[in-house]
Amino acid sequence: CCVEAAAASSAYHSAAPLACRLRLRSGRRSPIHVLIAEDDPDVRSLVLDVVKELGHAPSCAANGADALALYDTDGADVVVSDWLMPRMDGVQLCRRVRSRVGAPYTYFILLTALGDSEHRIAGMQAGADDYLEKPFNLSDIEARLIAAERVTVLHRRREALLCLARRFAAETDADRLLDDLLREAIELLGGSAGVVTRWDDESELLVAVHGSTPALAQLRLRLGEGACGRAAQQRVPVLVERGRGHGKPPGEPVDAVLESAQLESAIAVPLVHDARLVGTLSVGRNGAASESAFTQEDAQLLEMLASTAAAALVGLEHARLDGVLLAARTAQHELNNQLAVARGYAEMLAGAPDLPPHLHEIAEEVMNAADDAAGIVRQLRSIAQIREQRWSDPSDSTINLSRSQH
Numbered sequence: 024c025c026v027e028a029a030a031a032s033s034a035y036h037s038a039a040p041l042a043c044r045l046r047l048r049s050g051r052r053s054p055i056h057v058l059i060a061e062d063d064p065d066v067r068s069l070v071l072d073v074v075k076e077l078g079h080a081p082s083c084a085a086n087g088a089d090a091l092a093l094y095d096t097d098g099a100d101v102v103v104s105d106w107l108m109p110r111m112d113g114v115q116l117c118r119r120v121r122s123r124v125g126a127p128y129t130y131f132i133l134l135t136a137l138g139d140s141e142h143r144i145a146g147m148q149a150g151a152d153d154y155l156e157k158p159f160n161l162s163d164i165e166a167r168l169i170a171a172e173r174v175t176v177l178h179r180r181r182e183a184l185l186c187l188a189r190r191f192a193a194e195t196d197a198d199r200l201l202d203d204l205l206r207e208a209i210e211l212l213g214g215s216a217g218v219v220t221r222w223d224d225e226s227e228l229l230v231a232v233h234g235s236t237p238a239l240a241q242l243r244l245r246l247g248e249g250a251c252g253r254a255a256q257q258r259v260p261v262l263v264e265r266g267r268g269h270g271k272p273p274g275e276p277v278d279a280v281l282e283s284a285q286l287e288s289a290i291a292v293p294l295v296h297d298a299r300l301v302g303t304l305s306v307g308r309n310g311a312a313s314e315s316a317f318t319q320e321d322a323q324l325l326e327m328l329a330s331t332a333a334a335a336l337v338g339l340e341h342a343r344l345d346g347v348l349l350a351a352r353t354a355q356h357e358l359n360n361q362l363a364v365a366r367g368y369a370e371m372l373a374g375a376p377d378l379p380p381h382l383h384e385i386a387e388e389v390m391n392a393a394d395d396a397a398g399i400v401r402q403l404r405s406i407a408q409i410r411e412q413r414w415s416d417p418s419d420s421t422i423n424l425s426r427s428q429h
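Just add 23 to wherever you are in the sequence shown, counting from 1, and you've got this note's numbering.
Now the structure itself:
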C-alpha cells in the first residue's frame, strides 16, 4: 500500500522561486509532505489514512533504505518512521536525514514498541523530534502530525526570511530591492495589489515609490492617514477592511485608499530600522469580504519581511553615502591644489596695474569660479543624506547638494 507523494514538496534539490517555497499564506493552507517508513502494512495503512485525513501529501516505504531513497529524491517535511525495520532501522534513517547538507529541516517522529526510557533517549539523541509508543490511538498520531505541521511552517518561515535577507543584502540598487519587496509581499499574502512608500522628512509625507496600480503609485499620505499612515505613526501593523472600522457606521468607508484602489481589505506595516522610520509596506485584496480579510499571522509575516527590507535599505543608503564621501575627499585632495593655482594666477593678473579693464573682469570671474568650485567640494564633504535631483531622464539624476546637507 505504498502511495507516491501526491505533491512532493520541500525537496532540498528544488530551485523554485522564493515566494513559491514559502507556502505560508493564511487561509491558503498548503499540504505538508509526510514520508511514512513502516514495515508493518497495517500500521502503515493506518498512518497513511490519518495523513490523508489531515489533508497532507503522503509517500510510503516498507523499510528505512527505501524511505531514504524517497527522501533523497523528493524530500519531506515530516518523516514518520518505525524503529525496527529491515535493511535500515528508524534511528539510522533519522541520522541519515539529519546528515543531509543543505536540506530544509525535517520533523522526525519515531514509532516503536520499545517503550523504555533508554530507547526514548536514544531516539532523541539520534535527532528525532517526537516519539510515539505502540500501540497508539488515532488521536495520538493526529496530535503529533498537527505539532509537526506547526514546526514545519515555522522552519519554512525562518528559511525563507533568511533567504530573503541574503538576497536583499546582496542587492545594490534600492529601486530593484523595493520592487522585489513589493512583489514578494503580494505573492506571500495572496494579495491583489500593494504599495511601498518612503518617508520624506522635508514634506513629512509618505510618498509612494512602488505601486502595483496607478492609483497606489500616486499615493502621498500624512501620518495617521489610511492604513499606511497609521502603521507609520503607531509603528505597528494595521489591518483594515472597507466599510468596517471603529466608530464608523456600517457601510461607511474606513479607508479612502481602499476605495480608490477598489480593494476590500488591506494590511500595512512600517519599514523601521533602529527606531528610524524608512517608509511602509502595504498589501491589499479584493473579492468577497470573508475571503479577503487579513489575519494576525499575515501581519507577523509582513512585519518580518518589512524589517528585513528596512535594514537592507538603510544599509544601502549608508553604502551610497560612504561612496559619495569618499569621492568628495578625493575631489578635495585632487582639485583644491589645482584650484589654488588657478586662483593664485588669476589674483596676480587682477592685481596687475597695466591689465586692461576687460581682462581684469575676466580674472575676477576666474577667482570667483575657483571659490565656487571649492565651496561645492566642501558641500560634498558635508553631505549627511543623499537627496537626488531628478531630471528628464531618471538615469541622469544628480545629488541636490543644498537638500543633502546636515
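Even for Gly, the Cβ is constructed at its ideal location relative to N, Cα and C.
Length of the line joining the Cα atoms of residue i and residue j
i, j, result
"Ala333", "Val261", "17 Å"
"Tyr154", "Gln256", "48 Å"
"Leu339", "Val230", "19 Å"
"Gly270", "His233", "Residue placement at Gly270 is flagged as unreliable, the pLDDT there being 41, under the threshold of 50; the coordinate-derived value follows with that caveat. Each residue's Cα considered, the two are about 32 Å apart."
"Ala151", "Glu320", "28 Å"
"Ala400", "Ile209", "Residue 400 is actually Val in this sequence, not Ala. The alpha-carbon atoms of Val400 and Ile209 are separated by roughly 44 Å."
"Leu205", "Glu141", "52 Å"
"Arg67", "Glu76", "14 Å"
"Val295", "Val347", "24 Å"
"Ala188", "Ala335", "8 Å"
"Val176", "Ser425", "50 Å"
"Glu282", "Thr318", "20 Å"
"Ala254", "Val292", "5 Å"
"Pro54", "Glu172", "9 Å"
"Leu184", "Leu201", "16 Å"
"Glu156", "Val73", "17 Å"
"Ser49", "Leu212", "At Ser49, the pLDDT of 42 sits below 50, so the modelled position is not reliable; the number obtained from the coordinates is stated separately. One C-alpha to the other measures close to 7 Å."
"Asp196", "Thr331", "16 Å"
"Glu370", "Glu357", "21 Å"
"Leu242", "Gly307", "14 Å"
"His178", "Asp95", "19 Å"
Bridge partner(s) assigned by DSSP for residue i
i, result
"Phe131", "Val102"
"Arg67", "None; Arg67 has no bridge partner."
"Tyr154", "Leu133"
"Gln428", "Ile406"
"Cys83", "Ile59"
"Ile169", "Per DSSP, none; premise fails for Ile169."
"Asp377", "In DSSP, Asp377 forms no bridge with anything."
"Leu262", "Ile290"
"Arg221", "Val230, Gly302"
Per-residue burial, residue i [other beta carbons within 10 Å of its own, 16 or more giving buried]
i, result
"Asp105", "buried"
"Gly113", "buried"
"Val218", "buried"
"Cys305", "Contrary to the premise, residue 305 reads as Ser rather than Cys in this sequence. Buried, because 16 or more other Cβ atoms sit within 10 Å of the Cβ of Ser305."
"Cys186", "exposed"
"Ile164", "buried"
"Val124", "exposed"
"Ser427", "buried"
"Ser235", "buried"
"Pro81", "buried"
"His79", "buried"
"Ile434", "Absent from the model: residue 434. The displayed extent of the chain is 24 to 429, so no value can be given."
"Gly398", "exposed"
"Ala192", "exposed"
"Thr353", "exposed"
"Glu275", "Note on Glu275: pLDDT 44, under 50, position unreliable in the model; the coordinate value appears next. Exposed, since its Cβ has fewer than 16 Cβ neighbours within 10 Å."
Same chain, Cβ closer than 7 Å to residue i, neighbours up to 5 away in sequence not counted
i, result
"Asn309", "Ser215, Gln285, Leu286, Glu287, Ser315"
"Asp62", "Ala85, Asn86, Asp105, Met108, Pro109"
"Arg119", "Leu91"
Cut-off 6 Å between Cβ atoms - residues of its own chain near residue i, not counting five sequence neighbours on either side
i, result
"Ala99", "His56, Leu58, Thr129"
"Val280", "Gly249"
"Val351", "Contrary to the premise, residue 351 reads as Ala rather than Val in this sequence. Excluding sequence neighbours, Ala351 sits near Leu403, Arg404."
Within 9 Å, strictly: CB atoms of residue i and residue j
i, j, result
"Gly87", "Arg121", "no"
"Leu344", "Gln402", "no"
"Val263", "Ala289", "yes"
"Leu71", "Cys83", "yes"
"Glu227", "Arg245", "yes"
"Arg221", "Gly302", "yes"
"Leu168", "Val103", "yes"
"Val362", "Ala386", "Inspection of the sequence shows that residue 362 is occupied by Leu rather than by Val. Taking 9 Å as the Cβ cut-off, Leu362 and Ala386 do not qualify as a contacting pair."
"Leu328", "Glu207", "yes"
"Ala60", "Leu116", "yes"
"Leu69", "Arg180", "no"
Own chain residues within Cβ distance below 8 Å of residue i, not counting five before or after
i, result
"Trp414", "Ser420, Thr421"
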